[in-house]
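The next block holds one structure in the form of structure tokens; read it before the comments.
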Amino acid sequence: MSALILLALIAALIAGVLLVWFGLRGRRINRDPVCRDCGFNLKSLAAGSATCPECGGGLKRAKAVRIGERRRMPLVVLAGIVMFITPCVPLGVFGFTVLTGQSLARLPFGLVVLQSRFASGEYLKGIAVEIERRILANALSKDQIREAVDRVLEIQKDWDNPWFEEWGQVIEAAKAVGEFSPEQDAEWSANAPRIELVARSPVRAGDFVRVYAVSRGAHTSPNNQSFYYVSLESATIGGLDATTKETTGWARPLHSGERLGQISYQGSKVNPNVVMGSLSSSDGVLRVPEKLQPGEYEVDMLVARMTGSSRVSLDASHPRQGLKAKIQVTARDSPGIEVVAASQSLDAQVRGKLEPKRARWMLDIGPQFDRKNRKWIWEPEMLWKLDLELFSGRPNPPFDLAMEVFVIDQHGKETKVGTLTTEPGHVKDLADAVQKAQTKSNREVTFSMVDLAEPIPGPLSIVFRASERVAQETLGISQIYGGVIRVDDVAVSYSRTNDKPSGSLGSSTKELVVEGALQWFEEWKKRDGR
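So in this note's numbering, spot 211 of the sequence shown is number 823, and the numbers just go up one at a time.
Okay, structure coming up:
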């Protein structure tokens, strides 16, 4: 039992005693003189009387007469008795266990389950282990196993306290002895993952708003592997429908019945996973209703989780979960993103942060996927991404950056190769962004690359161009630098994605990298039996 819980129980015990005393003493109902011995009202007694006509007690003694007649309060006394008795049970169990040295194994099952409501830390973990042991030893009745499972399901829903995977072992034990009903299994699976909704704020009425659904782990057993598809059923902002099928040009619109993504985890100790969209793309927007007046509103999404095939149709049997997030809505005519005009000093600061130290084309090779027939074709597909090392170690500019990145080849042709922002972990590591976006601490530029079928030979000119659209894709950037930075004569090298960075620029040619990648692909196919 934790010290805080123990102190709370003792405090309740003392409060119960005080309430009983206060209720029996009663509240003062007048200012009449009263005999302290028997409580007789002396108001009508002649002045100078020496004794109480009710009990014969002397009235000339010091403090023999008190002022104010009192009336007892039975409800207060009853409340005090209840408050006194309630902590007696857990305190008695705790005292019995400590004073007698009794282990959990020797306590009655009912007391073991009762202690799970007050214990914490290693002792609580020990309770779960003891219940699992009794289930596997056939030491519990069916009703007791059902009570144990119900208690675990209750604990599973509590995300404010630490989860011990030993409780998941209790569920596995109940399954092993055949005492785990389909209804309990459905509840166990539905409540296992924790999903949180994160939304961009502030946003203007009528604008698109970025939303993420993020998995924060799971309350389950250590060896449990689960996989869910997540679909959107409805989405409102301020109680008004916010789903849309309008094309945004930069993110996928969300509408009812759409498959958002998937949740997969093994055990409870999992890394946060993005549910909607992917770690490297801009998926997931709603439309803020134009009718909303400026103020704070709630984004309310209802999602359904489905196990099994991704082609399963949504029906009433699939568990639903509500996701909520607060956003600030501004007026339609207010500036959505504040763009700070470029200046010579500001340009120098931004250039110092963005000027690449190294650039290379990275080749990603793998089998092709036939989306029409939904099958893999075991022929190599090669995609190139430009990797820029931008972390110069210099101080961040005084304003956030939200930019589109282009390269210009030797013939003057311009090609977009990605976007960047100064929001921590933007897109690539959403969980990190959610954690750090409030403080903007330790900001680094991250680069979101675009796949190209062919690399562009260098030397290249790299152009960083401010973009309000890119800022709207982030969780919290609202003020950005508005200039353009161009860096000329940037040399590039070539390598495969899983190669270690080259020590110098231009150390590998495209032909050598492609030849090595194709050789690796053929060897990989043979190992995989293709």
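Quick reminder that beta carbons are idealized off the backbone N, C-alpha and C, glycines included.
Can you tell me which of Phe730, Val764 and Val842 puts its alpha carbon nearest to the alpha carbon of valine 741?
-> Val764
From Gly964, Ser827, Asp819 and Trp973, residue whose alpha carbon lies closest to that of lysine 903 = Asp819
Euclidean distance between Cα positions of glutamine 1022 and tyrosine 824 = 40 Å
Taking the Cβ atom as the reference point for each residue, do valine 1102 and proline 931 lie within a distance shorter than 9 Å?
-> no
Distance, Cα to Cα, phenylalanine 1146 vs leucine 723?
-> Nothing can be reported for residue 1146, as the shown portion of the chain is limited to 613 through 1142.
Inter-residue CB distance, glycine 680 and asparagine 653 (contact presumed, cutoff 8 Å) = Between asparagine 653 and glycine 680 the Cβ distance is about 10 Å, and since that is not below 8 Å, they are no contact.
Do you know whose CA, among Arg972, Arg983 and Asp982, lies nearest tryptophan 996's CA?
-> Arg972
For the alpha helix (DSSP H) containing proline 686, list its first residue and its last residue.
-> 686-697
Reduced DSSP category for arginine 812 - H, G, I as helix; E, B as strand; rest coil | coil
Spell out the partners DSSP gives arginine 678 in its beta bridges.
-> Val646
Rounded to a whole number of angstroms, what is the C-alpha to C-alpha distance between glycine 896 and serine 753?
-> 49 Å
Do alanine 798 and serine 843 have their CB atoms nearer than 9 Å?
-> no
What separation, rounded to the nearest whole angstrom, lies between the Cα atoms of isoleucine 807 and leucine 690?
-> So the alpha carbons of these two residues sit roughly 44 Å apart.
Excluding the 5 residues preceding and the 5 following valine 789 in the sequence, name in chain order all residues of the same chain whose CB lies nearer than 8 Å to its CB.
-> Ile747, Leu748, Asn750 and Ile757
Name the residue from Arg718, Leu657, Phe1011 and Arg986 whose alpha carbon lies nearest to the alpha carbon of glutamine 961.
-> Phe1011
With a Cβ-Cβ cutoff of 9 Å, do alanine 811 and isoleucine 939 count as a contact?
-> The answer is yes: Cβ separation under 9 Å.
Which stretch, first to last residue, makes up the beta strand (DSSP E) that contains glutamine 1159?
-> The question about residue 1159 has no answer here: the residues shown for the chain are numbered 613 through 1142.
Inter-residue CB distance, alanine 1014 and alanine 1078 (contact presumed, cutoff 8 Å) = Correct: roughly 7 Å between the Cβ atoms.
Does DSSP put glutamine 1022 in a helix, in a strand, or in coil?
-> coil
For leucine 914, the nearest candidate out of Glu908, Gln933 and Gly907 (CA to CA) | Gln933
Of all the CB atoms in chain D, is at least one closer than 9 Å to the CB of valine 646?
-> The question asks about chain D, but that chain is absent: this structure has only one protein chain.
Helix, strand or coil: which one does DSSP assign to lysine 1048?
-> Since pLDDT at lysine 1048 reaches only 44, below the 50 mark, its modelled position is unreliable, and no value is offered.
Enumerate in chain order the residues of its own chain whose CB-to-CB distance from glutamate 1001 is below 7 Å, with the five nearest sequence positions on each side excluded.
-> Pro968, Lys969 and Arg970
Exposed or buried, phenylalanine 776, counting other C-beta atoms within 10 Å across all chains shown (16 or more means buried)?
-> buried
Tryptophan 608 in three-state terms, based on DSSP = Because the chain here runs from 613 to 1142, residue 608 falls outside it and cannot be looked at.
When the Cα atoms are used, what is the spatial distance from tryptophan 1132 to valine 1125?
-> 11 Å
Look up alanine 624 in the DSSP assignment and say whether it is helix, strand or coil.
-> helix
Per DSSP, cross-strand counterpart(s) of aspartate 1012 = Ile1092
Provide the residue(s) that pair with isoleucine 989 in DSSP beta bridges, ordered along the chain.
-> Beta-bridge partners of isoleucine 989 (DSSP): Gln980.
With distances taken Cα to Cα, identify the nearest neighbour of glutamate 1035 among Asn1008, Thr698 and Phe1018.
-> Asn1008
On the three-state DSSP scale, how would you describe arginine 1122?
-> What sits at residue 1122 in the sequence shown is lysine, not arginine. Looking at lysine 1122 - three-state DSSP - the assignment turns out to be helix.
Could you say which of Cys664, Gly829 and Phe1018 lies nearest to proline 645 if we only look at CA atoms?
-> Selected option, being the one with the closest Cα: Cys664.
Between the beta-carbon of valine 900 and the beta-carbon of lysine 936, is there less than 9 Å?
-> no
Per DSSP, alanine 916 forms a beta bridge with which residues?
-> Ser843 and Arg932
For lysine 769, which residues from the same chain have a beta carbon less than 7 Å from its beta carbon, with the 5 sequence-adjacent residues on both sides left out?
-> Asn803
May I ask which residues mark the beginning and end of the beta strand (DSSP E) holding isoleucine 949?
-> Isoleucine 949 -> no beta strand (DSSP E), and no H or E assigned at all.
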